[in-house]
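K.L.:
There are 2 protein chains.
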Amino acid sequence: MVYTDIATRTYDHGWRLDPIVRSLLDTDFYKLLMLQLIWRLHRGTHATFALINRTRSVRLADVIDEGELRAQLDHARTLRLGKKELIWLAGNSFYGKARMFDPDFLAWLKDFQLPEYDLRVVDGQFELHFAGPWTHTTMWEIPALSIINELRARAGMAGKDRFALDILYARAKTRLWDKVERLRRLPDLVLSDFGTRRRHGFLWQRWCVEAVKEGLGDRFIGTSNVLLAMDSDLEAIGTNAHELPMVLAALAEGDAALAASPYRVLDEWRRTYDGNLLIALPDAFGTTAFLRGAPEWVADWTGFRPDSAPPIAGGEQILDWWCARGRDPREKLLIFSDGMDVESIEATYAHFRGRVRTSFGWGTNLTNDFRDCDPDGGASLAPISLVCKVVSADGRPAVKLSDNPAKATGEPKEIERYLRVFGNADRGVQPVLV
Amino acid sequence: MVYTDIATRTYDHGWRLDPIVRSLLDTDFYKLLMLQLIWRLHRGTHATFALINRTRSVRLADVIDEGELRAQLDHARTLRLGKKELIWLAGNSFYGKARMFDPDFLAWLKDFQLPEYDLRVVDGQFELHFAGPWTHTTMWEIPALSIINELRARAGMAGKDRFALDILYARAKTRLWDKVERLRRLPDLVLSDFGTRRRHGFLWQRWCVEAVKEGLGDRFIGTSNVLLAMDSDLEAIGTNAHELPMVLAALAEGDAALAASPYRVLDEWRRTYDGNLLIALPDAFGTTAFLRGAPEWVADWTGFRPDSAPPIAGGEQILDWWCARGRDPREKLLIFSDGMDVESIEATYAHFRGRVRTSFGWGTNLTNDFRDCDPDGGASLAPISLVCKVVSADGRPAVKLSDNPAKATGEPKEIERYLRVFGNADRGVQPVLV
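These protein sequence lines are chains A and B, in that order.
Residue numbering for the first sequence follows the UniProt record's numbering, starting at 1 and increasing by one per position.
Residue numbering for the second sequence follows the UniProt record's numbering, starting at 1 and increasing by one per position.
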């Protein structure tokens, strides 16, 4: 018996838009944690975010229709947090802590709407800017990236017949499961999904999260995606990102305040959160400079998330720093999240095992590894290096130096000034693949 | 919006049985061609078929529930040819020939029903016999095999969650498509699906056929499965099988008639069919004996289907035979169908290219290659070597010698007699994997 459900079919055909982002919780958890800090301490600050496509060879505006992009961004702007979502944020424990979010903050969040955007096409690329209060523009980072990445994936799949899609996903599933089987051999692995922004698509990310959960059991500790965490009863994972030191550095008056700004961020953070959330991100202006100037109390924090140095060298540098301050690294935590994949996870895990607790945030190579999966060939589904970064705060230019000069952002003159203040020690160019 | 189609779901849950064989056309085309010959020339002959599991290590009756097997066999006995099916058999051209089937034969076929079966469990194996008129028992071969193979696959998958099944099929699809991409590099390949009897399941065979059609285009010439040929507008492929010489040999009175029986089959066949259907199966009692004794007119036939000798050696033997009789092999056809897979297809294709036309019947390794695909490990989905062979005709024992003694069937004393009549030249044991 061939059974056609005419109602569903008619409904499906009537779609005006297949929305990519369908909830404001379809974002990274750290955005909410940072938002609460920004809302508490920097409510008056303006911040502009901009899309940066590091993979210049992919001319996004030639691939993605501008009208479709606007329709998706406009749809995201119609979203509000639902009652169920607000109740969950209020009632759920995060990192073992109840009432992570202040009732006043949640009351404010209830009416939150993504602010306006400014979109232009220049030389085959999208110039996409979000200008306005930091409390609002910050929330565009993840949906903007996941929308553009999924629109690109959809463009890469447009015109493929059902069969080619079937092979494509069979290969991608086989690929991922082969990775899971390798990771399964690491008994003390601690891993989470950090793949929201660069995902192939929402449904694919959900499948990947289910796969890793199924394959790794308790070793998979959760996902950075708040919506998936809520819907799948997983832990929401994340702490903070470069935008905090970048904005505070941009607002600093003079070189001395600039040099102190990374620690001011940590001080604000510890006044807002504690426990497992005390993870420092050391590389915004170079890890060596950060460690050299760090106050003693930073050594009491739970750990670090080295995010642009090579994982083993970057981790060793932090271990040395802890030891020099009399701290036992075995009680500390390193979170690795910079373009990790099975090989680098295995190597980093083996290198540090027994010497320091490690945790891995697996991003693009978890949720968007379609390399060589397309039966029609080509690279239209290979991931690109797309970021959405703060570029100015209250009209002052923002800078990120990073441990990897290939990941630096900001105006050349300002970068020069930052290098003068923070130094250039131990920074080395690594190719940025994802 | 989560949409649940309650009616479909309720219907699905109400199934008493998920039938494996749902049409009498879900069989190999050669069964119909042979059936017409049997119906015309041997209507009074009785023939008994029996299931033979060559993979003794797999105790089928421990894996498959006897009640489930009976339910599937009983269901197959309820099937009759539908009006659409009979009209298609009458109106379709096969091998470019219209009216392949006689109207009287089709009128008889209209009321065809699979006959009774005799099922017992002995020492962990099913003893399954079909006794009765040859015109009826012959039609059990394919449904009996595909039912048992699919029940075994279902047993191997029982208890697996949705996720493990997802990985299983992703891997099997990836595997098959990798094979298709290799075969695609052979520009003059001619290939067809011979995988009905050993398939993992009907839906999987259909997917495999679609995949090969998609990947190989015109180089995929069709399928042996009549139902799939009808539903997918493919050519139905097939000629004849060992049961014809086996029955005629069993019925032969004395050694001289026995020695002549393989050619009597060909004579009956050419009186019934012509053109592309003039393909001889030389190995029932050894290819060397067959070629040595063959009348001159056999060299005028379109070609041979060597089915148990190693493909290159077996093909060379036939080429020599054609050349010795002044025939140009480039006008002849060799069909290879014995446990072929990508490696052996590539090697055989390369060896004979330009010297003789070749065609490949791809069976078990097309429709049932799940080796190492099970995320839970184990071999419960690896194919086994299961056949359903004629064992007696009008109460006299039937024998198959084959070019490969591992594939011989029959009582030892009769095999001895056949070896005396046909000789044992050039027969050599090859492992029988599928």
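Note that CB positions come from ideal geometry on N, CA and C, so glycine has one too.
Any beta carbon of chain B sitting closer than 9 Å to that of Ala229/A?
P.N.:
So, not an interface residue.
K.L.:
Just to confirm, is the Cβ distance from Arg54/A to Gly286/A under 9 Å?
P.N.:
Their beta carbons are not under 9 Å apart, which means Arg54/A does not touch Gly286/A by this criterion.
K.L.:
So Val432/A and Ser385/A are supposed to be a Cβ contact under 8 Å. How far apart are they, rounded?
P.N.:
Yes, Val432/A and Ser385/A are in contact; Cβ-Cβ is about 5 Å, under 8 Å.
K.L.:
What residue from Met340/A, Gln317/A, Ser337/A and Gly339/A has the CA that sits closest to Pro329/A's CA?
P.N.:
It is Gln317/A.
K.L.:
Tell me whether Ala241/A sits in a helix, a strand or coil according to DSSP, three-state version.
P.N.:
Coil at Ala241/A, not helix or strand.
K.L.:
For a test of the three-state rule: what should DSSP assign to Ala47/A, helix, strand or coil?
P.N.:
In the structure shown, Ala47/A sits in a strand (DSSP, three-state: E or B).
K.L.:
Just verifying my parser: in three-state terms, what is the DSSP assignment at Asp218/A?
P.N.:
In this structure, Asp218/A counts as helix in the three-state DSSP scheme.
K.L.:
Do Ala61/A and Val21/A have their C-beta atoms within less than 9 Å of each other?
P.N.:
No, they are not a contact pair.
K.L.:
Does His129/A come out as helix, strand or coil in the three-state DSSP assignment?
P.N.:
His129/A: strand per DSSP, three-state reduction.
K.L.:
Decide if the segment 164-178 of chain B is in contact with the segment 362-370 of chain B; the criterion is three or more beta carbon pairs, one per stretch, under 8 Å apart.
P.N.:
The segment 164-178 of chain B is in contact with the segment 362-370 of chain B.
K.L.:
Buried or exposed: Pro306/B, going by 16 or more other Cβ atoms within 10 Å of its Cβ?
P.N.:
By the 10 Å Cβ count, Pro306/B comes out buried.
K.L.:
Report yes if the CB atom of Ala47/B is closer than 9 Å to the CB atom of Thr137/B, and no otherwise.
P.N.:
Result yes, Cβ atoms of Ala47/B and Thr137/B sit closer than 9 Å.
K.L.:
Hey, does Glu68/A have any beta-carbon neighbour from chain D nearer than 9 Å?
P.N.:
No chain D is present in this structure, whose protein chains are A and B.
K.L.:
I believe Leu25/A touches Met230/A by the beta-carbon criterion, under 8 Å. Please report the beta-carbon distance rounded to the nearest angstrom.
P.N.:
That belief holds up - the Cβ atoms of Leu25/A and Met230/A are roughly 6 Å apart, short of 8 Å.
K.L.:
Run through DSSP, which three-state label would Arg120/B get?
P.N.:
Reduced to three states, the DSSP call for Arg120/B is strand.
K.L.:
If Phe194/A sits next to Ser224/A, beta carbons under 8 Å apart, how far is it from one beta carbon to the other, in whole angstroms?
P.N.:
Confirmed, about 5 Å.
K.L.:
Which runs of the beta strand (DSSP E) spanning at least 3 residues fall entirely within the segment 297-383 of chain B, listed in chain order?
P.N.:
Qualifying beta strand (DSSP E) stretches, in chain order: 333-336 and 357-362.
K.L.:
Measuring alpha carbon to alpha carbon, tell me which of Phe336/B, Val356/B, Ser344/B and Glu343/B ends up nearest Trp321/B.
P.N.:
Here the closest residue by C-alpha is Val356/B.
K.L.:
According to DSSP, Cys388/A sits in a beta bridge with which residue or residues?
P.N.:
Cys388/A pairs with Leu51/A.
K.L.:
Could you name the residues of the same chain whose beta carbon sits closer than 8 Å to that of Ala284/B, not counting the 5 residues immediately before and after it, in chain order?
P.N.:
So the list reads His242, Pro245, Met246, Ala249, Pro262, Phe290, Lys400, Leu401 and Ser402, once near-sequence residues are dropped.
K.L.:
Do you know offhand how far Ala98/B's Cα is from Tyr30/B's?
P.N.:
Cα to Cα, Ala98/B sits roughly 16 Å from Tyr30/B.
K.L.:
Alpha carbons only, please: which of Ala350/B, Leu106/B and Glu414/B is nearest the one belonging to Ala90/B?
P.N.:
Minimum Cα distance to Ala90/B is reached at Leu106/B.
K.L.:
So, at 8 Å on beta carbons, what are the nonlocal neighbours of Arg420/B in its own chain, with the 5 sequence-adjacent residues on each side left out?
P.N.:
Contacts found: Asp255.
K.L.:
Indicate whether Glu150/A and His75/A have their beta-carbon atoms separated by less than 9 Å.
P.N.:
No.
K.L.:
If distances are taken between C-alpha atoms only, which option among Gly377/B, Val387/B and Leu278/B comes closest to Lys407/B?
P.N.:
Here the closest residue by C-alpha is Val387/B.
K.L.:
So Ala191/B packs on Leu183/B, CB below 8 Å; how close in whole Å?
P.N.:
Residue identity differs from the one stated: residue 191/B is Leu in this sequence, not Ala. Their Cβ separation, rounded to whole angstroms, is 7 Å, which keeps Leu191/B and Leu183/B in contact under 8 Å.
K.L.:
Give a yes or no on whether 9 Å exceeds the smallest Cβ distance from Phe49/A to chain B.
P.N.:
Chain B contact via Cβ: absent.
K.L.:
How is Leu168/A classed by DSSP in three states: helix, strand or coil?
P.N.:
In this structure, Leu168/A counts as helix in the three-state DSSP scheme.
K.L.:
Measure the CB-CB distance between Thr364/B and Arg206/B and report whether it falls below 9 Å.
P.N.:
The answer is no: Cβ separation not under 9 Å.
K.L.:
What does a CB cutoff of less than 7 Å around Tyr349/A pick up in its chain, not counting 5 residues either side in sequence?
P.N.:
Cβ neighbours of Tyr349/A beyond the five flanking positions: Leu186, Leu189 and Thr358.
K.L.:
What do you get for His13/A, buried or exposed, if any count of 16 or more other CB atoms within 10 angstroms of its CB means buried?
P.N.:
With fewer than 16 other Cβ atoms within 10 Å, it is exposed.
K.L.:
At a CB-CB cut-off below 8 Å, which residues of chain B make contact with Met163/A?
P.N.:
Looking at the sequence provided, one finds Phe at residue 163/A rather than Met. Under the 8 Å cutoff, chain B gives Glu210, Ala211 and Glu214.
K.L.:
Under a three-way DSSP split, which group does Pro405/A fall into?
P.N.:
If DSSP states are grouped into helix, strand and coil, Pro405/A belongs with the helices.
K.L.:
Quick check on the burial criterion: 16 or more other C-beta atoms within 10 angstroms. Buried or exposed for Tyr11/A?
P.N.:
With fewer than 16 other Cβ atoms within 10 Å, it is exposed.
K.L.:
For Leu258/B, which residues of its own chain have a beta-carbon under 7 Å away from its beta-carbon, when the five flanking residues on both sides are left out?
P.N.:
If we look at Leu258/B and ignore the five residues flanking it on each side, its Cβ neighbours are Ala249, Ala252 and Val421.
K.L.:
Can you look up Leu191/A in the DSSP assignment and give me helix, strand or coil?
P.N.:
It is a strand residue.
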